[in-house]
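Here is the structure we will look at.
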Amino acid sequence: FQSSVWLSWLKALPRELVRARPVLSLAYAWAYLNAGELDAARSRLLDVEQWLEPVVDGDDRPEVPSEMVVVDEEQFHALPVSLATARAYHAQAIGDVAGTVKYAHRVLELLPEGDEYEQGTATALLGLAQWASGDLEAAHRTFSDGLAGMKPLDMIIGTFVLADIKTVLGQLNEAVRACERALQLAMEHGEPRPMGTEDVYIAISKLHREWGELEVAAQDLAKARELGEQIELPDWQHRWCIAQAGLLEAQGDLDGALEQLNEAERFFVRTPVPDVRPITAAKARVWIKQGRLAEAVVWARAQDLSTDDELSYLREFEHLTLARLLIARHESDRLEGAIQDALGLLEGLLEAAEEGERIGSLIEILVLQAIAHEARGDISAALQFLERALALAEPEDYFRIFLDEGPPMATLLGEAAKQGAASGYVGKLRAAFERVGALNPGVQPLIEPLSKRELEVLRLLSTELNGPEIARQLHVSLNTMRTHTKNIYSKLEVNDRQSAVHRAQELGLI
3 FQSSVWLSWL KALPRELVRA RPVLSLAYAW AYLNAGELDA ARSRLLDVEQ WLEPVVDGDD
63 RPEVPSEMVV VDEEQFHALP VSLATARAYH AQAIGDVAGT VKYAHRVLEL LPEGDEYEQG
123 TATALLGLAQ WASGDLEAAH RTFSDGLAGM KPLDMIIGTF VLADIKTVLG QLNEAVRACE
183 RALQLAMEHG EPRPMGTEDV YIAISKLHRE WGELEVAAQD LAKARELGEQ IELPDWQHRW
243 CIAQAGLLEA QGDLDGALEQ LNEAERFFVR TPVPDVRPIT AAKARVWIKQ GRLAEAVVWA
303 RAQDLSTDDE LSYLREFEHL TLARLLIARH ESDRLEGAIQ DALGLLEGLL EAAEEGERIG
363 SLIEILVLQA IAHEARGDIS AALQFLERAL ALAEPEDYFR IFLDEGPPMA TLLGEAAKQG
423 AASGYVGKLR AAFERVGALN PGVQPLIEPL SKRELEVLRL LSTELNGPEI ARQLHVSLNT
483 MRTHTKNIYS KLEVNDRQSA VHRAQELGLI
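In this note's numbering, the protein residues as written are 3 to 512.
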């Protein structure tokens with residue numbers, strides 16, 4: 003499948019030659035769709051429509067060439083169905099859910115009996131539209147039905163979609179099983195591996211990451227890259243970079259994670275798969291972890307995000323990121339009202355996720371509600387939300403979703419352990435905090451973890467700055483800085499600055 007080569011051939015042909023040939027124009031449109039060049043694809047679709055539909059006043063279609071050329075009558079007569087399929091694909095790629103449904107149904111109405119492939123394609127596009135609308139159970143069912151009507155190897159191409167949907171539904175084990183079935187089918191096919199196998203490895207790597215199996219996840223991504231580089235389709239690359247960024251973040255390499263997200267932006271190709279986790283929001287999450295809140299604030303303003311927004315599944319990831327930003331600003335800047343705004347937003351997101359039965363989303367929202375209440379000092383309320391999150395997460399053995407929250411979660415898990423909540427599962431998570439403490443910045447094997455502000459002070463203590471200079475850089479009083487320093491010494495069990503820096507280096511905190 004060498005889409006870029008085919009597109010380069012078409013671009014070399016005279017424009018009028020192609021426009022006079024509607025079958026060739028549609029092939030041209032599909033080449034642009036595969037490349038993610040959606041505006042160019044739309045222009046080619048208009049070229050096809052000029053031969054099939056009469057022009058009306060105000061129509062933006064170009065003038066019809068003087069003569070139409072048809073070489074293959076069978077393909078020409080199939081154009082209405084093929085055109086409607088391309089239109090449904092284009093609509094879904096630009097986020098026009100209503101347009102997707104309209105054109106997909108047109109395909110199903112026009113199809114002759116027995117054309118299972120076109121029917122499967124249209125049905126799969128309807129499934130993607132349902133995903134974008136937040137109806138994930140229906141989306142999984144419809145998309146699966148669509149794949150079932152297509153060629154056997156197309157199941158491999160669509161597996162990463164099914165895995166992503168199952169993940170949001172909180173069904174990690176089923177997602178892994180879907181990936182394993184697809185990989186088995188790819189192995190049976192032999193060499194070269196079928197197109198789409200690379201995306202299956204990317205999907206399963208994210209699941210292994212969530213289970214804390216970072217070495218296995220890294221092996222999955224290495225195999226995905228090896229296979230991806232053997233095909234001409236460009237859209238796997240940004241998905242690989244996003245997964246690699248998640249792995250690096252889990253390993254504590256936040257700068258490396260940002261580099262991969264920047265690469266993901268460079269490679270990004272718009273496809274009908276809903277962009278439910280925008281790269282810019284993923285970058286904002288890393289900035290928040292790094293304490294670069296000003297950059298995250300700029301991101302939120304650029305996206306016109308607000309706690310008063312009408313909530314939708316398509317923007318759930320962005321609104322969860324906004325909630326993280328508000329919690330961080332409460333912790334760092336003591337921004338008045340930030341924590342209340344975060345809790346209000348999370349309450350609305352929780353209600354929407356419950357209505358959509360999105361267990362994966364529910365777990366993250368409950369975790370953030372626990373973190374927010376911990377930040378305001380209400381441990382009792384925090385534990386109520388944490389215990390519910392643990393109850394939902396334990397059957398699927400969620401792991402990183404807790405570890406990635408760092409010191410506040412370590413504190414809450416300690417409190418939960420005292421109350422005997424999910425004792426075996428909590429014990430496993432607490433042991434994991436101790437194991438990764440030296441690898442993951444911000445997660446420490448300490449009895450009482452350092453706060454985000456204390457970590458900032460600690461990093462500055464490792465520089466040549468004196469006390470007043472550190473206070474000025476943090477925009478706090480000298481007394482406040484001294485209080486932070488005293489707390490750091492107590493938690494690290496040291497008595498002076500040099501010993502604190504040495505101990506922090508041992509723990510991987512700086």
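Glycine residues also receive a C-beta, built at the ideal position from the N, C-alpha and C atoms.
> Hey, how far is the Cα of Q446 from the Cα of E436?
Replying inline: Its pLDDT being 48, under 50, Q446 is placed unreliably in this model, and the coordinates cannot settle the point.
>> If I follow the unbroken alpha helix (DSSP H) through K153, where does it start and stop?
In response: Per DSSP, K153 is not a residue of any alpha helix (DSSP H), being assigned neither H nor E.
> Where do the ends of the alpha helix (DSSP H) carrying I341 lie?
Replying inline: 340-358
> Nearest-angstrom Cα distance between P443 and L209?
Replying inline: Note that P443 scores a pLDDT of 45, beneath 50, so its modelled location is shaky; the value from the coordinates is reported in the next line. Roughly 22 Å separates the two Cα atoms.
>> Using only the alpha-carbon positions, how far apart do P397 and R499 sit?
In response: In a straight line, the C-alpha of P397 is about 45 Å away from that of R499.
>> Using 7 Å as the threshold, is the C-beta distance between V103 and A131 below it?
In response: yes
>> Alpha carbons only, please: which of R23, M152, K13 is nearest the one belonging to T123?
In response: M152
> Touching or not, the stretch 329-346 and the stretch 359-379, by the rule of three or more beta carbon pairs under 8 Å?
Replying inline: yes
> What does a CB cutoff of less than 8 Å around L249 pick up in its chain, not counting 5 residues either side in sequence?
Replying inline: Counting only Cβ-Cβ distances below 8 Å, and skipping sequence neighbours, we find S207, R211, L216, A219, A220, L223.
> For the putative contact between H92 and L28, defined by C-beta atoms under 8 Å, what is the C-beta separation to the nearest angstrom?
Replying inline: Not quite, the Cβ-Cβ distance comes to about 12 Å (not below 8 Å), so this is no contact.
>> If you measure between the beta carbons of E432 and L415, is that distance less than 7 Å?
In response: Looking at the sequence itself, residue 432 is Arg, so the reference to Glu does not match. Cβ atoms of R432 and L415: closer than 7 Å.
> Would you report the Cα separation of S425 and A419, rounded to the nearest angstrom?
Replying inline: In this structure, the straight-line span from the alpha carbon of S425 to that of A419 is close to 6 Å.
> Taking C-alpha atoms, which residue in W11, A355, Y427 lies nearest to L313?
Replying inline: A355
> Residue range of the alpha helix (DSSP H) that L476 falls in?
Replying inline: 469-476
> Taking Cβ positions, are A43 and A31 nearer each other than 7 Å?
Replying inline: yes
>> Using only the alpha-carbon positions, how far apart do L494 and A506 sit?
In response: 8 Å
> If you draw a straight line from the alpha carbon of V278 to that of A284, how long is it in whole angstroms?
Replying inline: 11 Å
>> Can you tell me whether R294 is helix, strand or coil according to DSSP?
In response: coil
> Three or more C-beta pairs closer than 8 Å, one from the stretch 325-345 and one from the stretch 135-146: is that the case here?
Replying inline: no
> Counting Cβ pairs, one atom from each stretch, are 3 or more of them under 8 Å apart for the stretch 260-277 and the stretch 301-312?
Replying inline: no
>> For A440 and G254, I'd like the C-alpha separation in whole angstroms.
In response: Only weak support exists for where A440 lies, its pLDDT of 35 falling under 50; the value from the coordinates is given anyway. One C-alpha to the other measures close to 9 Å.
> By Cβ distance, which residues of its chain are closer than 8 Å to P154, with the 5 residues on each side in sequence left out?
Replying inline: L187
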